[in-house]
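Heads up, the sequence shown is in full-length UniProt numbering, so the first residue is 1 and it goes up one at a time.
For each residue, glycine too, the CB sits at the ideal point set by N, CA and C.
A quick note: this is a predicted structure, and the numbers were derived from the prediction, not measured.
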Amino acid sequence: MYPTPSAPVDMHPTPSAPVDGFPQPPYAPPSVPFQPGSGAGSRRWSTGLCNCCKEPSNCFITCCCPCITFGQIAAIVNRGALPCAASGALYLLLSFTGFACLYSCCYRSRLRAQYDLEEDPCADCLVHCCCECCALCQEYRELKNRGFDMGIGWQANMERANRGVTVACTPPSMVGDMKR
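Next comes the structure, spelled out in structure tokens:
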């Protein structure tokens, strides 16, 4: 019934002949253990979901007209494949049907995949269906904190990066010699 301890046990047997006319699937190799930074969302968001007031102007615009903020996010996440105005217009049309949150949750998933961000505080679709404005504000702040100028779009951001212009602040210049 059981193999004797002296008999070797084949851990990866070869697939058997078809049974009932259906071929047997090949056995999968042993899985690779999880390693941090492997695309499973190991990095934290730069700001929290409910930190909308860290940037009051964006919070106001997003609450009044979320299609503007969504269009800016989509233009960066899509890497310029779809212009800001087109993404925003599609979001606006979908908002009349109630499906805008499903459309925008796809972009949150893309953003998380691009920057290896954790799915926090819950699934992307739940975040967008329950807290749409907060989610859009968080995504906007995340891209802005990563150096994107959200008002100029993907192409202008890439031109800026190629010229070597950075968004980060430069240190103040010192007048005279430093003395202790």
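Inset, instruction - Figure out for me which residue from E119, C129, A123, C125 has the closest Cα to the Cα of R43. - result: Here the closest residue by C-alpha is E119.
Inset, instruction - Count the other CB atoms, across all protein chains shown, that sit within 10 Å of the CB of C65; report buried if there are 16 or more and exposed otherwise. - result: With fewer than 16 other Cβ atoms from the protein chains shown falling within 10 Å of its own Cβ, C65 counts as exposed.
Inset, instruction - With a threshold of 16 other CB atoms inside 10 Å of the CB of E132, please say whether the residue is buried or exposed. - result: Flag for E132 reads buried.
Legend entry - Backbone secondary structure at R79 - three-state DSSP: Per DSSP, reduced to three states, the secondary structure at R79 is coil, with no helix or strand assignment.
Inset, instruction - Output the distance between the C-alpha atoms of T69 and C50, rounded to the nearest integer angstrom. - result: In a straight line, the C-alpha of T69 is about 16 Å away from that of C50.
Inset, instruction - Closer than 7 Å by C-beta to P83: which residues in its own chain qualify, once you throw out the five before and the five after it? Chain order, please. - result: Cβ neighbours of P83 beyond the five flanking positions: A75.
Legend entry - Local conformation of L117 per DSSP, three classes: For L117, the three-state secondary structure derived from DSSP is strand.
Inset, instruction - May I have the straight-line CA-CA distance separating P56 from N162, to the nearest angstrom? - result: Roughly 30 Å between the two C-alpha positions.
Inset, instruction - Output the boundary residues of the alpha helix (DSSP H) element that contains W154. - result: Counting along the chain, the alpha helix (DSSP H) containing W154 begins and ends at 153-163.
Inset, instruction - For N58, name the three-state secondary structure that DSSP assigns. - result: It is helical.
Inset, instruction - Could you give the DSSP three-state label for R43: helix, strand or coil? - result: Secondary structure of R43 (DSSP, three-state): strand.
Legend entry - Limits of the alpha helix (DSSP H) - the one that G147 falls within: Note, G147: premise wrong, no alpha helix (DSSP H); not H, not E.
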